[in-house]
Amino acid sequence: MSTTTVTERVDRLDRMWTARPGLLGWLTTTDHKRIGLLYFWTTLVFFGAGGVEALTMRTQLIEPNSHLVGPELYNQLFTVHGMTMIFWFIIPMTTGAFGNYLVPLMVGARDLAFPRLNALSFWIFVASGIFLYIGLFSGFGPDAGWFDYVPLASKLYDPGRNIEFYTLAVIFNGMSSTLTAANLIVTILKLRAPGMSFNRMPLFCFAFLAASLGLLFALPSLTADTIFLYLDRNVGTHFFDPSHGGSTLLWQHLFWFFGHPEVYILIVPAFGIATEIIPAFTQRKMIAFPLVAIAELLVVFIGFGVWAHHMFATGIPTTTLIFFAGATAMVVIPSTIQVFAWSTSILVGRPQFKTPLLFIVGFIFMFVVGGLTGIMFLAIPFDQQTTDTYFVIAHFHYIIFGAAVFPIFGGMYYWFPKVTGKLYFELPGQISFWILMVGTNLLFFPMHIVGLLGMPRRVYTYPANMGWGSYNLAETIGGYITGIGILVLFANLVVSYFRGAPAGPDPWHGPTLEWSIPSPPPEYNFAVLPVVSSPYPNWDHDDRELDGRRLEAGEGLLDQGHQQRVSALIDGWRVGIADMPHSSPWPIVSAFVLTLMFTVLVVEKFVVAAFLAIVLLATFLGWHSKEPQEH
Amino acid sequence: MKQSGDRIRGARLAVLGGGVVFVLAGCGNGQNTLQPKSPQAGSIATLWWIMLGVSTFGLAVIVGMLVVSWFKRGGVGRERPATITVLVLGIATPILVIAALFSYSDIFLIRGTSAPPPTSLVAKRALDITVIGHQFWWEVHYPKGKVVTANEIHIPVRTPVVVSVTSRDVIHSFWVPELNRKMDLEPGRTNQVEIYASKVGKYRGQCAEFCGLQHAHMAFYVFADPPPVFARWLKREAKPATRTLPLFQSTCSNCHAIQGTPANAHVGPDLTHVGSRTTIAAGTLTNTLANMEQWIAHPQEVKPGNQMPDLKLTGAQVHELAAYLESLK
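Quick note, the sequences are listed as chains A and B, same order. In terms of the working numbering, the first sequence opens at residue 1 and continues consecutively. In terms of the working numbering, the second sequence opens at residue 1 and continues consecutively.
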């Protein structure tokens, strides 16, 4: 009797939430899981592009005086490589793919707070990436470095359209990141399950909250900066022109006011992934939970006060340098708290070194190496000696590849069973980890040495008698090994998708709510909205049995429409119910119009752009013509 | 038995560590931060070795924890000691270490590596020179006289030299690693950096801020000479050229200057004593007659994207110009 009603209830939810079939379903979807997967596949394409660029550069540098690529192409390669990996791989992979897919599942929600905005954000992201690569393939790839210093990037010294593809692509992409960040913040603050007060919120969500807040406050600075540059180049303003009272240092200040928080925005989500994998594979709660939660937020907050340490060699006054070195010293502490919290948690738990935890162990090692060289940069004279050399390249690749991408790989393995419903193959997984561990260290470690031996960054070639050749050869070999490791990793995931054993809902005995529902999750995520009493809700068996009883009793279902519960900010208790939009064609239409607008801006057709802005507003009206109700 | 095994392993580590030190410090390319030839660069190198030592220890603690968790057997550890570990190793220890590093480097050591204040005794006895950055070469001015040269800086040994740097176009960075830290060349601003050579020698420098297509080929040399040698060099540099070449006037004088001739443009390097320099095109080629011919005939092949155009000269013209320039000692 009761089983029938349970089946009926679940069927009813299924009917209400099932997406449109086929391609149209994907183009108009507002489901956070589908959008998360779309983000995942698209960012992987950009990751591949950035990787090809990196390997081309490494091949060029394999020996002194090489002529594989000329300076013109090389400058575009390192600029677009940096932009791609930061703006079109790591940010969309963490906030777009992982955040989108997992945050609603972890807080016990049915979707992100603004599903159509989420779709818009994805389509803008795709369009901005295509926009950038059209620039590169038409010979106008940005070529002044990813931090695009003026006056090198001004019209006088870079008269082509290259920098338009920089400024506009960055603004375009920033819109997408801003929307996703706002969406995640509201979701984490307002859609948490009953009982999920802040002290019971998973550390993963703290990390994504910190990263999203960082994006929201850092991006405006970059947007302003790039708009100023666009105006300087195309309208004749003089923001950055010293001969007319402008300042070249203004660009650097505005850029790094974004650029340093950006580094933490890139790695904090990875910290969040680590704090999920560690409890799952040690079967023990994280040590120093509140400290770690605060440290995740604090690292982004203090990260806003350290930007000028990228400018220690620009000749700004010594007092200023010392202030920023002091701030840089402060930002170390939240990081050391987390490093020791992760490692003691592994130490005092019962670690099972499966692939996801291996990647986290590798991540801790790489992060500590990159962190220690980072601390060295707070010693101003040493920074002034090594900045703009390969020592810096080594440092930030340990951070960005080691500390941001390793946990992303670990997370791919960890949540693979949840997303696909299949188990991955363990042995090839571990092999892929060891290949990557050897490859990345061989790739990046010698860069420290060659930097200390005087090799500046961003040189397309170097003389033979400098003693840099053998290190560069080793780095290039390391680069190819890294490439092989990545191929093994993805080959394993692809084969596992087709041949893997069924995973069941909870293969790892994971701590958080996503493991309490079937794999892959149904479209409505939770049949009964769960009640939470700790940060490890899936380990609270009484609570999860209660979910089952409530499903039988028909409580907490929200099956009267396409609905989502809205909760109070502090403690997660219910304040209302919102009707959620289902699918919508408007986001992709708006994104298309926006793309046309950015395209005509490349060639300075301002009148057409203004017309397209009006068309864009019209699409927003269409979007809002069918508005869901709030109860 | 186990102890002796540890000792052997320890000895191996020491040899390995020593090997790293040897490899790092052993590369004599004239541009090695770890072969300092001045007190300033020396203090930075010492700072590096101290930081490397402390960092290696810190890394060893973390790696030790990870290795122990890999091999350990048995149950779950207690919460309290673990939290205390986080507090002590994650907060207290780093605060102490970083405070020490901050005070040592950013309050004391930084004074020695910064340019001396204009009123100080060091500044008063220092030689002042000006370096102006161009895409992709260095213009060097000496005070009290008309000495202007390019890409090669001569300084007296064991004498403080205050270099005022600025740029005519984009941002460059002046960097002679063995003599001191780097300093950016910003258009519209003048920055100062002190260089000092404890030993007579030739030191390589290179542009360290990405400045465009030929950033890779924007090197220069600093020659630290005994003071009398330096004085003779300066005197010779101040002399104008004695011969004018009409072909130079018609082909090169729109961009280049040769003192003592009508050529007086300052777009490219001053060539009054180009024959006495050791390299051409900002450290790209050694200065020989054949290389000079190659550079004049195919500037865009030697250094693609540099500002010197290919003038489509005949072989005879190239030879005449090169021979003339090489005669300007």
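Don't be surprised by glycine CBs; every beta carbon is placed ideally from N, CA and C. What you are looking at is a predicted structure, and each value in this text was computed from that prediction instead of being measured.
(request) Tell me whether Q31 of chain B counts as near the ligand ADP, meaning its Cβ is closer than 7 Å to at least one heavy atom of that ligand. (result) In terms of ligand content, the structure shown is empty, and the ligand ADP therefore cannot be addressed.
(request) Using 10 angstroms around the beta-carbon of S138 of chain A, count the other beta-carbons present and answer buried if the total reaches 16, otherwise exposed. (result) Answer is exposed; the Cβ neighbour count stays below 16.
(request) Look at the alpha carbon of Q338 of chain A and the alpha carbon of V103 of chain A, and state the distance between them as a whole number of angstroms. (result) Cα to Cα, Q338 of chain A sits roughly 21 Å from V103 of chain A.
(request) Answer with yes or no whether the minimum CB distance from R189 of chain B to chain A is below 8 Å. (result) Yes, R189 of chain B lies at the interface with chain A (some Cβ there is under 8 Å from its Cβ).
(message) Which same chain residues end up closer than 6 Å to Q214 of chain B when comparing Cβ atoms and leaving out the 5 residues on each side of it in sequence?
(response) F136, K303, G305 and N306
(request) Would you please verify whether the beta carbon of M65 of chain B is less than 8 Å from any beta carbon of chain A? (result) yes
(message) Is there a C-beta anywhere in chain B that falls below 8 Å from the one on R233 of chain A?
(response) no
(message) Along the chain, where does the alpha helix (DSSP H) containing V302 of chain B start, and where does it finish?
(response) P299 to V302
(message) Using a Cβ-Cβ cutoff of 8 Å, what residues of the stretch 62-82 of chain A are near chain B? List them in chain order.
(response) G70, P71, E72 and N75
(request) Look up P187 of chain B in the DSSP assignment and say whether it is helix, strand or coil. (result) In this structure, P187 of chain B counts as strand in the three-state DSSP scheme.
(request) Could you say if the stretch 149-168 of chain B and the stretch 266-282 of chain B meet the contact criterion of at least three C-beta pairs nearer than 8 Å? (result) yes
(request) Step through the CB atoms of chain A and report whether any lies within less than 8 Å of the CB of K37 of chain B. (result) no
(request) Return the first residue and the last residue of the beta strand (DSSP E) that I155 of chain B is part of. (result) E152 to P156
(request) Taking I570 of chain A as the reference, give the member of A:R200, A:P261 and A:P381 with the closest Cα. (result) A:R200
(request) Could you please tell me which residues of the stretch 311-344 of chain A, in chain order, have their CB closer than 7 Å to any CB of chain B? (result) A313, T314, G315, T318, I322, A325, G326, A329, V332, I333, T336, I337, V339, F340, A341, S343 and T344
(request) Report the three-state DSSP secondary structure of H217 of chain B (helix, strand or coil). (result) helix
(request) Find the nearest neighbour of W586 of chain A within the set A:V186, A:P269 and A:W123, judged by alpha-carbon distance. (result) A:W123
(message) Please report the distance separating the alpha-carbon of P537 of chain A from that of F289 of chain A.
(response) The alpha-carbon atoms of P537 of chain A and F289 of chain A are separated by roughly 15 Å.
(message) At the 8 Å Cβ level, is F22 of chain B part of the contact set with chain A, yes or no?
(response) Annotation note: pLDDT 49 at F22 of chain B (below 50); position unreliable, coordinate value reported separately. No, because no Cβ of chain A sits closer than 8 Å to the Cβ of F22 of chain B.
(request) Give the DSSP-derived three-state secondary structure of K202 of chain B in the structure shown. (result) strand
(message) Short of 7 Å Cβ to Cβ, which residues in the stretch 144-172 of chain A face chain B?
(response) Within the stretch 144-172 of chain A, the qualifying residues are G145, Y149, P151, L152 and Y157.
(request) Output yes or no for whether 8 Å exceeds the beta carbon distance between D396 of chain A and S496 of chain A. (result) A small correction: the amino acid at residue 396 of chain A is Phe; Asp does not occupy that position in the sequence shown. Against a cut-off of 8 Å, the Cβ pair of S496 of chain A and F396 of chain A comes out as no contact.
(request) Report the partner residues of D540 of chain A according to the DSSP bridge assignment. (result) For D540 of chain A, which the question treats as bridged, DSSP gives no partner whatsoever.
(message) I'd like to know whether the C-beta atoms of C207 of chain B and H256 of chain B end up nearer to each other than 8 Å.
(response) no
(request) Return the chain-ordered list of same chain residues with a C-beta closer than 7 Å to the C-beta of K202 of chain B, the five sequence neighbours on each side being excluded. (result) G30, Y221 and F223
(request) Taking C-beta pairs closer than 7 Å, name the residues in chain A that L34 of chain B reaches, listed in chain order. (result) Per Cβ cutoff of 7 Å: L452.
(message) Would V76 of chain B and V52 of chain A be called neighbours here (beta carbons separated by less than 8 Å)?
(response) no
(message) If I follow the unbroken beta strand (DSSP E) through H134 of chain B, where does it start and stop?
(response) Looking at the DSSP string, the run of the beta strand (DSSP E) that includes H134 of chain B is L127 to H134.
(message) Just verifying my parser: in three-state terms, what is the DSSP assignment at E164 of chain A?
(response) helix
(message) Let's test the definition: count the other Cβ atoms within 10 Å of the Cβ of S341 of chain B and tell me whether it reaches 16, buried, or not, exposed.
(response) Only positions 1 to 329 of chain B appear in this structure, which leaves residue 341 of chain B out of reach.
(request) Since I believe P351 of chain A is in contact with F281 of chain A (beta carbons under 8 Å), could you give me their beta-carbon distance rounded to a whole number of angstroms? (result) 6 Å
(message) Using only CA atoms, which one of A:I277, A:G272, A:V306 and A:H310 lies nearest to A295 of chain A?
(response) Closest option to A295 of chain A, Cα to Cα, is A:G272.
(message) So that I know if they touch, is there some Cβ in chain A lying closer than 8 Å to that of P299 of chain B?
(response) no
(request) Taking 8 Å as the cut-off, decide whether the C-beta atoms of W468 of chain A and M447 of chain A are in contact. (result) No, they are not a contact pair.
(message) Can you list, in chain order, the residues of its chain with a C-beta nearer than 6 Å to that of R544 of chain A? Leave out the 5 residues immediately preceding and following it.
(response) S516
(message) Residues in the same chain with beta-carbon distance under 6 Å from G135 of chain A, minus the five sequence neighbours each way, listed in chain order, please.
(response) For G135 of chain A, where only same-chain residues beyond five positions count, the Cβ hits under 6 Å are G141 and F165.
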